[in-house]
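Have a look at the structure below, then the notes.
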Amino acid sequence: MLTAAALTTFAAFSSGRAADQTPKLLTEHLMIDAVDPGIKLYVRNKRPEGMTQFTAQKTLLFVHGATSPGEATFDFPLEGLSWMEHIAQRGWDVYLVDVRGYGRSTRPPEMDQPAASNPPIVTTDVAVRDVGSAIAFIMQRRGVSKLSLVGWSWGAVIAGAYTADHNDKVDNLVLYAPVWLQAPPPAQTAPPPLGAYVAAPPTRERLQAGAPDDRKRDLIPEFEAWAAAAIASDPVGSKQTPPVLRSPAGVFQDNRNYWQAGKPYYDPAQIKVPTLVIVAEWDGLAPPEGAQAVFRKLPSGPDKRLVMLGEGTHLLMLEKNRIQLFHEVQLFLDRARLTN
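Residue numbering for the sequence shown follows the working numbering, starting at 1068 and increasing by one per position.
Below, the structure written as structure tokens:
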């Protein structure tokens, strides 16, 4: 039997050894060509230092949502760790990409003009092409024939649509807070016209819709720091008074043309790869009912999963219960890898 002092010493030794075994990560910042001439896309890569062998089963790309770029979504460190780092530390070669108009990727010229001067830019069609460009770059760079995709919100639409058309290039698919059919606004109220882009600061009211008001701050006390980081990713909007985050309005046009009109943008039945659909209980932007509808439309089989996590909103990856999300996704990715 170990004494209390010995147990303390052993625990400290074990903790130190575990910390020593956490691999150091390398980070690369890349600008790649989109399939459309003149467009450059920002791609970030994180992987364990010393990693020299790359496989399709341990390569992953994150796809961001409608307003925030990938780095503010998947690589924003909370308590010293981002979701991107969490996966990379487990031996994965992890990427994120910013669609044009977001983050460090090319800003279309319409974003240099007043929003009302042009119609919405960067629709989902365009975003799927940009993500396809990033996938082709990663596969060529690493000599792999496929990779895993994790899409959040609008990113789940992009990743789902890409997979439906390119099952041969996707190893595993994670649809986190997927957008699905929405109730249209009341007929008597005509929706306001959309310009080329929207400009507004991130707000709790919108992004944490669905959570009890008295729980929002408790769920994500770092919201203001994250919002500041998201705004800082916009070199023009961040210098305005007050500062705003500008993002293309094509996704909002697609919401009207597809989701609010009862027309899915893609058909989940065409997805033939292992798929995890995961959503938070209090997600008011992409409610659990939508995730359940996507899940039901996937082909039947043992390789699809539906998970709903308690006490979380659309921003679960930044909230205090985010490790539950990380663990569930990691379990799916690693289990799928072991059974392939």
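We put the beta carbon where it would ideally sit given N, CA and C, even for glycine.
For this session: Using alpha carbons as the reference points, say which of Leu1242, Ala1263, Leu1148 and Ser1172 lies closest to Ser1184.
Result: With respect to the C-alpha of Ser1184, the residue from Leu1242, Ala1263, Leu1148 and Ser1172 having the closest C-alpha is Ala1263.
Exercise. Hey, would you say Tyr1162 sits closer than 8 angstroms to Pro1136, going by beta carbons?
Worked result: 8 angstroms or more divides the Cβ of Tyr1162 from the Cβ of Pro1136.
Exercise. Using DSSP with H/G/I as helix, E/B as strand and the rest coil, what is Gly1218?
Worked result: strand
Problem set entry | Cα-Cα separation, Pro1369 to Pro1259 | 44 angstroms
Exercise. For Pro1245, does the count of other Cβ atoms within 10 angstroms reach 16, so buried, or fall short, so exposed?
Worked result: buried
Exercise. With respect to the alpha helix (DSSP H) encompassing Leu1286, which residues constitute its N-terminal and C-terminal limits?
Worked result: Lys1283 to Leu1286
Exercise. From which residue to which residue does the alpha helix (DSSP H) around Glu1356 run?
Worked result: Pro1355 to Lys1364
Problem set entry | Whole-number beta carbon distance between Lys1113 and Ser1172, since they are thought to touch under 8 angstroms | Contact doesn't hold; Cβ gap of about 18 angstroms is too wide.
Problem set entry | Reduced DSSP secondary structure (H/G/I, E/B, other) of Thr1270 | coil
Exercise. Straight-line CA distance for Arg1402 to Ala1139?
Worked result: 28 angstroms
Exercise. Who pairs with Tyr1264 in a beta bridge, going by DSSP?
Worked result: Pro1315
Problem set entry | Counterpart residues of Ala1347 in DSSP-defined beta bridges | Leu1376
For this session: Just the C-alpha distance for Asn1388 and Met1118, rounded to the nearest angstrom, thanks.
Result: 30 angstroms
Exercise. Should Arg1282 go down as buried or exposed, given a rule of 16 or more other Cβ atoms within 10 Å for buried?
Worked result: exposed
For this session: Identify the continuous beta strand (DSSP E) that holds Thr1094 and give its terminal residues.
Result: First-last of the beta strand (DSSP E) with Thr1094: Leu1092 to Asp1100.
Exercise. Out of curiosity, what's the CA-to-CA distance linking Glu1095 and Ala1254?
Worked result: 49 angstroms
For this session: Would you mind reading off the limits of the alpha helix (DSSP H) that contains Ala1111?
Result: Here the sequence assigns Arg to residue 1111, which means Ala is not the residue at that position. Careful: Arg1111 lies outside any alpha helix (DSSP H), inside the beta strand (DSSP E) at Lys1107 to Pro1115.
Exercise. Is the number of C-beta pairs between the segment 1378–1387 and the segment 1270–1289 that are closer than 8 angstroms three or more?
Worked result: yes
For this session: Give the single residue among Ala1276, Ala1133 and Asp1192 whose Cα lies nearest to the Cα of Asp1103.
Result: Asp1192
Problem set entry | 8 angstroms Cβ cutoff met for Val1189 and Ala1228 | no
For this session: In angstroms with no decimal places, state the Cα-to-Cα distance between Ala1294 and Lys1306.
Result: C-alpha separation (whole angstroms): 14 angstroms.
Exercise. Candidates Gln1249, Gln1275, Pro1252 and Pro1309: which alpha carbon is nearest Ala1267's?
Worked result: Checked all of Gln1249, Gln1275, Pro1252 and Pro1309; the closest Cα to Ala1267 is Pro1309.
Problem set entry | 8 angstroms CB neighbourhood of Gly1199 in its chain, flanking five on each side removed | Val1102, Tyr1229 and His1233
Problem set entry | Beta-carbon spacing of Trp1150, Phe1393 below 8 angstroms | yes
Exercise. What do you reckon, are the CB atoms on Leu1092 and Ala1133 nearer than 8 angstroms?
Worked result: No, Cβ-Cβ distance for Leu1092 and Ala1133 is not below 8 angstroms.
Exercise. Can you name, in chain order, every residue of its own chain whose Cβ lies under 7 angstroms from the Cβ of Asp1301, other than the five neighbours on each side?
Worked result: Leu1312 and Arg1313
For this session: Report yes if the CB atom of Phe1362 is closer than 8 angstroms to the CB atom of Leu1373, and no otherwise.
Result: A contact, by the Cβ cut-off of 8 angstroms.
Problem set entry | Nearest to Phe1204 (by Cα), restricted to the options Arg1174, Val1217 and Leu1097 | It is Leu1097.
Exercise. What residues in its chain sit with their C-beta under 6 angstroms from that of Val1217, if we drop five residues either side in the sequence?
Worked result: Phe1129 and Val1241
Problem set entry | Residue nearest to Asp1197 in terms of C-alpha spacing, selected from Ser1367, Pro1187, Pro1186 and Ile1225 | Ile1225
For this session: State the start and end residues of the unbroken beta strand (DSSP E) segment that holds Asp1238.
Result: For Asp1238, the enclosing beta strand (DSSP E) begins and ends at Val1237 to Tyr1243.
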